[in-house]
Amino acid sequence: MLRTSRNLRNAAAALGVLLLSGTAAFAQDASGKLVIVTSFPKDMTTAFQQAYQKANPKVTVEILNRNTNAGVKYLQETASNNGVDLFWASAPDAFEVLKGAGLLQPYKPKVEGIPEKVGAYPVNDPEGMYAGFAASGYGIMWNSRYMKANDLPIPKEWADLTKPAYYDHVAISAPSRSGTTHLTIETILQGEGWEKGWRTNKEMAGNYRTITERSFGVPDGVNSGAFGVGIVIDFFALSSQASGFPVEFVYPTVTTIVPANVGVVKNAPNKAAAEGFVDFLLSPKGQEVLLEPAIRRLPVNPVTYEKAPAGYPNPFKDKSLGSQVNFDVNVSQARYNVVDALFDQLVTFQLDDLKAATQAIHKAEAALAKKPNDKAKALLGEARDLVAAMPVTAEQAADPQLAGAFTVERKSAKDAVPERQAQVEQKWAAFAKENYANARKKADEAAALAR
Amino acid sequence: MTSLALTRDRIARVRPGPALAALLIAAFLLLFLVVPVVQVIFVAFQDKTTGAFTLVNFADFFQNDLFMRSFGNSFYVSAMSVVVASLLALPLAYLTTRFEFRGSVLIQSLGIIPLIMPPFIGAVAMQLLFGRNGSVNLLLRDHFGFSIPFMEGLNGVIFVQSIHYFPFILINLSASLKNIDRAMEESAQNLGCHGFRLFRRIVFPLAMPGYVAGASLVFIKVFDDLGTPLLLNVNDMLAPQAYLRISSIGIADPMGYVISVVLIACSLLALWVSALAMRGKDYATVQRGGGGLAKRRLKPLEMVAAYGIVLLILVLVLAPHVGLGLLSFATIWSFSPLPDAFTLKHYHTVFSESGQYITNTLLYASLAALLDVVIGTAIAYLVLRTKLPGRQWLDYIAMAALAVPGVVLGIGYLRSFYGVPMPFTGQPLSNFWLILVFALAIRRLPYALRACTAALQQVSSSLEEAAENLGATKLRTVGRIVVPLMSGGILAGFVTSFATAAVELSATIMLVHSQSDAPLAYGLYVYMQSAAGRGPGAALGIFAVIIVGLGTYLSHVVIERGRRDRGQDH
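This is how it looks when you write it as structure tokens:
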């Protein structure tokens, strides 16, 4: 019954479009069904859906919620008979994948006054395949009750999270699972350099309580107090705060402000409405929706900040926000899969061993602080280096030969792939396991000497 | 020559009715299970560079420490979950079927409720109650200075899984216990066997088909389950590894599919072992199936102990629901034993936004469960009562569905049915909501099938022979004798299929193509992705629990009444 009535309605709508398109005056008017695939939470999509439908009563917006990866896959699998008009998600790299697969079509938004760059990152795709509509930065979020109960200091920089005090209190989501975390890791690597960046990343990782599979798992855990500190994208923290959770958030100096994007899907059934929606997102009315307590993202239209509540971060005024790192998209792109796989093999799947080594180092450090000992100090240094050691250099990571083992597509039978992904990963995992075990041994020795 | 004669003989004995039924079922399984899955897993046998057939990916699997560790962990967790689930299910099943126990029906229904908890929501609630900083541990630490690691690592998975899946054992074991011929017990007693020995030597062995059916389901289900380990962030198990590989590295990476193949192989192995354990034993009892053990009264002291045990188990088992209930009324619940304050706001939100989810769920899950019991009964009958060649394969293939990760099935459906336009509307077939029902039915068919098989195993074929001797046709015998005697098992199958289909997510999430066709689990998932959505999500979860719980209870009442009307009740 339901089906029939909906189909009838669609047919009527289609008929309406036909009739209207005959009349030139209405040719630009959007109508019919607009299908959007998005990874954004319901709070956000519903707010935009309502605001847009109010302005365009003839359009019915249909929201399909998928996580970013599943959304990309859905578009790829259904491309032959596409029924989706817009792809709407955070991670710019997901749009890069779609662009690479030729699943987007260019559109230049009509709204004026949007700056070229937010922080050091370009707002729009240079080829116009997708447009940024809101900015987000990465930072540290914590639960005030938890911090008080466990007597933890408030963190300010990434390096703070490497301190022994935070052992077993911090959480992050896996970069291979969450586009936003990937950018955080990559930002640290670009901001501090490959070797030092990985050292920071791994020293932080030694304090991780858990590595979640979903991005939202981190703010969720901080909100409920399952762990105290989380590495998250700003709006997770800001919207949690607005919902009343006892949480706080800070941007470290090394952070990147990255736009969240929207792109028109190739062969969109309702192109007019899709383009109308993009323009709506960028218009002052659409941008103001971003300020709502449950959403809290940074508008890309600088005018909108005049309406923001006091203390709202403004990347266009506050030049320290996200400008420290000149984020290089090409560098990131070349080693994208390698960084994910490295993190998985060296950190996510070796977390217990890494934590054991880190704890031993913390203990030795504490013992040394009480009773200095040169030999123990040297041993401790070696232990730290073992933890920080990387199986590949920055040059190797960017090498297309290595990346070849991870590429999703097989171009031709003649393309030589030196090693299979599973082989490479096993090698890295073994490398990490051995190093962490040795690091632990050395740290234990150091502690014994200082005793 | 002789072999040819034998074949001809066999063919001659095949009746057209069962053969047709078998063909229809085979076609259904082929179209909605085998083809979509093969579309996806053939990648496991493909060389990444050349596309040629290869086994090198399997060599990689067995040489990889992480995969081997995951393999070991999955095995350990599944086995321990069976043990813990048995500890929960045995007392409940035994006490409620064997003794005059007030509220037996209620306990049996309450015992099924864990199944209708979507695992990921259950894990959220369990974290809030039993996690490192959950209510229990916060209180323990404040008052006694220690905490219990219920939810640490693999412990958490075992804890949540056994609470979630123990009803499989409870339902099947209770059905078996109810079907045991009272005469068996009485003869044993006449021969001087009493108490625990009676239970150990007579009652439990006779209820073995139910127990083994339940235990093997728990094992396989835990082995393949994805949601719970993922939500508890335990990644080094096989199912999460498969999911992580497929969804983060990409569709062309062979390892995810290799793991899927390993999962399927292990599940089939577990089934084979359980079938082996049951082989050569006759569990059918001649008396009508509905008899059940004599119920007796408990002495006052025993009564106290029994109520104590039952209450303790129920509290534990219903903990996720209590947690969810609290969450649905909570304003903010953060690092404290109880929420800061309570509100009705979330229910209001759900009422105004999500009615569609609920009606969709009822429609999809009941259609899927109906399909499951029809196919399940048919397969059970074909396997146990006919001599059709290859009939075992229907059973094996249907059970293999248990081992297919939902994501794989979802992707397979997209691949198989997206290109097929629907008649009249021209929309892709995979967008048709009935496809979602088929996916649910395929994924839940194994539950119904095991329940129906166990039920039929306990119906003695001499009853059918008697009916046929009296002139009843085969069809009439099945309709009037076999199915009514199996009704307990069929109901158990329907309820398990319905309840679990109502909350299935992993295939659903790939196949839902529009919000208006989305079921409840999808709504829960969407809510649970935002800070402000936790309350409404929990409220929606409570709706799910109430609806399915009510449905379960009602069908139980209906069946009991039917039994009484037929004079099968004592």
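Here the protein sequences line up with chains X and C, keeping their order.
Counted from 1, the first sequence has number 783 at position 111 by our numbering; the numbering is strictly sequential.
Counted from 1, the second sequence has number 452 at position 446 by our numbering; the numbering is strictly sequential.
Ideal Cβ placement from N, Cα and C applies to all residues, glycine included.
Closest by C-alpha distance to G785 (chain X), when choosing among X:W1100, X:S955, X:K771: Here residue 785 (chain X) corresponds to residue number 113 of the first sequence, with the count starting at 1. Ranking X:W1100, X:S955, X:K771 by Cα distance to G785 (chain X) puts X:S955 first.
Listed by chain order, chain C residues near S752 (chain X) by CB distance under 8 Å: Here residue 752 (chain X) refers to the residue found at position 80 of the first sequence. Y424, G425, listed in chain order.
Among C:L451, C:E106, C:A131, nearest to P306 (chain C) - alpha-carbon criterion: In the second sequence, the residue the question calls residue 306 (chain C) occupies position 300. Ranking C:L451, C:E106, C:A131 by Cα distance to P306 (chain C) puts C:E106 first.
T884 (chain X) at chain C interface by Cβ criterion, 7 Å: Here residue 884 (chain X) refers to the residue found at position 212 when the first sequence is read from its first residue. True, the Cβ-Cβ gap to chain C drops below 7 Å.
Every unbroken alpha helix (DSSP H) within the segment 83 to 168 of chain C, with a cutoff of 4 residues, ordered by chain: Fully enclosed alpha helix (DSSP H) runs of 4 or longer: 110 to 118, 125 to 136, 141 to 150.
Proximal residues, the segment 326 to 341 of chain C versus chain X, C-beta separation under 7 Å: Within the segment 326 to 341 of chain C, the qualifying residues are T337, I338, W339, S340, F341.
Neighbour list for G539 (chain C) in chain X, Cβ cutoff strictly below 8 Å: Numbered from 1 along the second sequence, position 533 holds the residue referred to as residue 539 (chain C). Under the 8 Å cutoff, chain X gives P713, K714, D715.
Supposed close pair D341 (chain C), Y818 (chain X) - CB separation, criterion 8 Å: Start at 1 with the first residue of the second sequence, and residue 341 (chain C) comes out as number 335. Start at 1 with the first residue of the first sequence, and residue 818 (chain X) comes out as number 146. A small correction: the amino acid at residue 341 (chain C) is Phe; Asp does not occupy that position in the sequence shown. Indeed, because the Cβ distance is near 5 Å, the residues count as touching under 8 Å.
Exposed unless 16 or more other CB atoms sit within 10 angstroms - verdict on M74 (chain C): Position 68 of the second sequence, counted from the first residue, corresponds to residue 74 (chain C). Exposed, by the Cβ-count rule.
Cβ contact check for the segment 830 to 849 of chain X and the segment 962 to 982 of chain X: 3 or more pairs under 8 Å: At 8 Å Cβ cutoff, the stretches do not touch.
Test: Y984 (chain X) CB closer than 7 Å to a CB of chain C: As a working note, residue 984 (chain X) is residue 312 in the first sequence. False, the Cβ-Cβ gap to chain C never drops below 7 Å.
Every unbroken alpha helix (DSSP H) inside the segment 781 to 809 of chain X [4 residues or more]: Annotation note: the segment 781 to 809 of chain X contains no uninterrupted alpha helix (DSSP H) run of length 4 or greater.
Nearest neighbour of R651 (chain X), chosen from X:P981, X:L1051, X:T732 [CA to CA]: Shown here, chain X extends from 673 to 1123; a query on residue 651 (chain X) therefore has no answer.
Continuous alpha helix (DSSP H) stretch holding E920 (chain X): start and end: Against the first sequence, residue 920 (chain X) aligns to sequence position 248. No alpha helix (DSSP H) holds E920 (chain X); the beta strand (DSSP E) holding it covers 919 to 922.
Three-state secondary structure assigned by DSSP to K1086 (chain X): Position 414 of the first sequence, counted from the first residue, corresponds to residue 1086 (chain X). With a pLDDT of only 44 at K1086 (chain X), under the threshold of 50, the placement of this residue in the model should not be trusted; the figure read from the coordinates follows. Secondary structure of K1086 (chain X) (DSSP, three-state): coil.
Where the segment 132 to 144 of chain C meets chain D: residues whose CB sits under 9 Å from a CB there: Any reference to chain D falls outside this structure, whose protein chains are X and C.
Spatially closest choice to A807 (chain X) from X:A1013, X:L1040, X:T928, by CA coordinates: By 1-based counting over the first sequence, the position of residue 807 (chain X) is 135. That would be X:T928, whose Cα lies nearest to the Cα of A807 (chain X).
Within chain C, partners of G665 (chain X) - CB distance below 8 Å: The first residue shown for chain X is 673 and the last is 1123, placing residue 665 (chain X) beyond what the model contains.
Sub-7 Å separation of F1078 (chain X) and N1002 (chain X) beta-carbons: Translated into the one-based positions of the first sequence, residue 1078 (chain X) becomes position 406. Translated into the one-based positions of the first sequence, residue 1002 (chain X) becomes position 330. No.
Identity of the residues DSSP links to V733 (chain X) by a beta bridge: As a working mapping, residue 733 (chain X) is identified with position 61 in the first sequence. Paired residue(s): X:L706.
Length of the line joining the Cα atoms of G140 (chain C) and S153 (chain C): Residue numbering aside, residue 140 (chain C) sits at position 134 when the second sequence is read from its first letter. Residue numbering aside, residue 153 (chain C) sits at position 147 when the second sequence is read from its first letter. So the two alpha carbons sit approximately 10 Å from each other.
Residue burial classification, S467 (chain C) (beta-carbon count within 10 angstroms, cutoff 16): Position 461 of the second sequence, counted from the start, is the residue given in the question as residue 467 (chain C). Exposed: under 16 other Cβ atoms inside 10 Å.
Residues near W830 (chain X) by beta carbon distance below 7 Å, same chain, minus five either side: For the purposes of this step, residue 830 (chain X) is identified with residue 158 of the first sequence, where counting begins at 1. Excluding positions up to five away in sequence, the list reads I860, T872, M876, P924, V926.
Chain C within 7 Å of Y1108 (chain X), Cβ atoms only: Working through the first sequence from its first residue, we reach residue 1108 (chain X) at position 436. No, its Cβ sits nowhere closer than 7 Å to a Cβ of chain C.
Cross-chain neighbours of E749 (chain X) in chain C, by beta carbon under 8 Å: Taking the first residue of the first sequence as position 1, residue 749 (chain X) is located at position 77. When 8 Å is used as the limit between beta carbons, E749 (chain X) is near these residues of chain C: I417, L420, R421, Y424, in chain order.
N70 (chain C) at chain X interface by Cβ criterion, 7 Å: As a first step, residue 70 (chain C) must be located in the second sequence, where it is residue number 64. Cβ-Cβ to chain X under 7 Å: yes for N70 (chain C).
Three or more C-beta pairs below 8 Å linking the segment 228 to 241 of chain C and the segment 193 to 206 of chain C: Taking 8 Å as the limit for Cβ pairs, the verdict is that the segment 193 to 206 of chain C does not touch the segment 228 to 241 of chain C.
DSSP bridge partner residues for L52 (chain C) (one or two, in chain order): Position 46 of the second sequence holds residue 52 (chain C). For the sequence presented, residue 52 (chain C) should be read as Gln rather than Leu. Bridge partners of Q52 (chain C): C:F59.
Closest by C-alpha distance to N737 (chain X), when choosing among X:E1054, X:Q721, X:Q996: For the purposes of this step, residue 737 (chain X) is taken as the residue at position 65 of the first sequence. Looking at the Cα atoms, X:Q721 is the closest of the given residues.
Beta carbon proximity, N933 (chain X) to chain C, threshold 7 Å: To locate residue 933 (chain X), count along the first sequence from 1; it is residue 261. Output row for N933 (chain X): interface = no.
For R207 (chain C), the nearest candidate out of C:A219, C:E191, C:G220, C:N196 (CA to CA): Translated into positions along the second sequence, residue 207 (chain C) becomes position 201. Proximity to R207 (chain C) across C:A219, C:E191, C:G220, C:N196 peaks at C:E191, based on C-alpha coordinates.
Any 3 or more C-beta pairs closer than 8 Å across the segment 741 to 751 of chain X and the segment 790 to 799 of chain X: In short, these stretches do not touch, since the Cβ pair count stays below three.
Between the CA atoms of V46 (chain C) and I417 (chain C) - distance to the nearest angstrom: As a working note, residue 417 (chain C) is residue 411 in the second sequence. As a working note, residue 46 (chain C) is residue 40 in the second sequence. C-alpha separation (whole angstroms): 7 Å.
Stretch-stretch touch, CB-based, cutoff 8 Å, three pairs: the segment 357 to 369 of chain C with the segment 940 to 954 of chain X: Not touching, per the Cβ criterion.
Simplified DSSP assignment, three categories, for A18 (chain C): Counting from one through the second sequence, the residue named residue 18 (chain C) turns up at place 12. Its pLDDT being 45, under 50, A18 (chain C) is placed unreliably by the model, and nothing is read from it.
Chain-ordered chain X contacts of D242 (chain C) [CB-CB under 7 Å]: For the purposes of this step, residue 242 (chain C) is taken as the residue at position 236 of the second sequence. Below the 7 Å Cβ cutoff, chain X contributes F1021 as neighbours of D242 (chain C), in chain order.
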